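Asks:
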Amino acid sequence: MKLIDAWAGTAPFDMRSRLLRRVLLCNAGSSFLFAVLLLGAGSWTAGLIGAPEAGPLLQVLGGGLLVFALGVEWVATRQPLQPSHGWAVVALDISWVAGSAVLLPFLASHINLLGEAAIIAVALVVLGWALGQIRGLRQLEGTAPVGA
1 MKLIDAWAGT APFDMRSRLL RRVLLCNAGS SFLFAVLLLG AGSWTAGLIG
51 APEAGPLLQV LGGGLLVFAL GVEWVATRQP LQPSHGWAVV ALDISWVAGS
101 AVLLPFLASH INLLGEAAII AVALVVLGWA LGQIRGLRQL EGTAPVGA
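Reminder that position 57 of the sequence shown reads as 57 in full-length UniProt numbering, one-by-one numbering, no gaps.
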């Protein structure tokens, strides 16, 4: 299935998967953009958040995010969409949020306020994707009404 088909719903697929596909594609897209930022400007980003020595670490994080983004895009464009794959993405997203909450107190003395705000903002966006994916998975599995 092509990306545009997954988003628009023009390919023949179960309409119950539409919300999940769209949230997964948004998750993949935002992860891809963030990965490109970290890969291309990891040192600059590290300086911006007050941790100039963390540039290489942010580039490694960007590489991991790129792999994640491609995996999420793959999940979103499979026909049929497998709920177990969707739940795996949810688990990874929730792990990111939990990891951010656990690491933030330890990182606070090594980064500036902008860095702390960025970690919190990214965690909130990822939490939003996870919640949207859970809603989409419930629709796909028939435990929530479509369009509600």
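Ideal Cβ placement from N, Cα and C applies to all residues, glycine included.
Here the structure is a predicted model, which is why all the values come from computation and not from measurement.
Is the distance from the Cβ of Ala76 to the Cβ of Leu25 below 9 angstroms?
Replies: The answer is yes: Cβ separation under 9 angstroms.
Asks: Rounded to whole angstroms, what's the CA-CA distance from residue 150 to Gly132? Just pull it up for me.
Replies: The question about residue 150 has no answer, for the chain in this structure spans 1 to 148.
Asks: How would you call Trp129, buried or exposed, if buried means at least 16 neighbouring beta carbons within 10 angstroms?
Replies: Buried: at least 16 other Cβ atoms inside 10 Å.
Asks: Whole angstroms is fine: what's the gap from Trp44's alpha carbon to Glu116's?
Replies: If you take the alpha carbons of Trp44 and Glu116, they lie about 16 angstroms apart.
Asks: Within the continuous alpha helix (DSSP H) that includes residue 149, where are the two ends?
Replies: The question about residue 149 has no answer, for the chain in this structure spans 1 to 148.
Asks: Are the CB atoms of Leu103 and Ile119 within a distance shorter than 9 angstroms?
Replies: Yes, Cβ-Cβ distance for Ile119 and Leu103 is below 9 angstroms.
Asks: Expressed to the nearest angstrom, what Euclidean distance is found between the alpha-carbon atoms of Leu39 and Trp74?
Replies: When rounded, the distance between both Cα atoms is 21 angstroms.
Asks: Assuming residue 159 is part of the alpha helix (DSSP H), what are its boundary residues?
Replies: Limits of the chain in this structure are 1 at one end and 148 at the other, which puts residue 159 out of reach.
Asks: Looking at the unbroken alpha helix (DSSP H) that takes in Ile119, where does it start and where does it end?
Replies: 113-140 is the span of the alpha helix (DSSP H), which, as asked, contains Ile119.
Asks: Can you give the Cα-Cα distance for Gly29 and Gly99, rounded to whole angstroms?
Replies: Going by the C-alpha atoms only, they are around 21 angstroms apart.
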